[in-house]
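>
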Amino acid sequence: MRKPMIDVIGPWNRSHHRATLDAMFRLRHHVFIEELQWDLPLAQDGMERDEFDGPRAVYLVCRNPGAASPARCA
Numbered sequence: 001m002r003k004p005m006i007d008v009i010g011p012w013n014r015s016h017h018r019a020t021l022d023a024m025f026r027l028r029h030h031v032f033i034e035e036l037q038w039d040l041p042l043a044q045d046g047m048e049r050d051e052f053d054g055p056r057a058v059y060l061v062c063r064n065p066g067a068a069s070p071a072r073c074a
């Protein structure tokens, strides 16, 4: 069994992790807007972003190797 991996994504490597970030924003949309029904005005195109998702943001994304979407994010 393969163990989950944690990716640290920031300005220095963001271009190499575009698919992971897009999946993370889709996961956030699913959790916060679809499940919790929060009214978040910056969410669009099935992705949730906010004022903290700027060019200097750093993300920790936990994912299962081979899975299509992240398991968790922070």
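Per UniProt numbering, the sequence shown runs over residues 1 to 74. By construction, the Cβ of each residue, glycine as well, lies at the ideal position given by its N, Cα and C atoms. Treat the numbers as computed from the prediction; the structure is a model and nothing was measured.
Jot down the residue ranges of each uninterrupted alpha helix (DSSP H) in the segment 15-71, minimum 4 residues, whole runs only, in chain order.
Listed in chain order, the complete alpha helix (DSSP H) runs (minimum 4 residues) inside the segment 15-71 are 18-28.
> Look at the alpha carbon of M5 and the alpha carbon of D45, and state the distance between them as a whole number of angstroms.
Their Cα atoms are separated by approximately 27 Å.
> Checking 9 Å against the spacing of the C-beta atoms, do L42 and E51 come in under that value?
Yes. Within cutoff.
> Pop quiz: R49 and F25 are said to be a contact at Cβ under 8 Å. What is the actual Cβ separation, rounded to whole angstroms?
Confirmed, Cβ separation roughly 6 Å.
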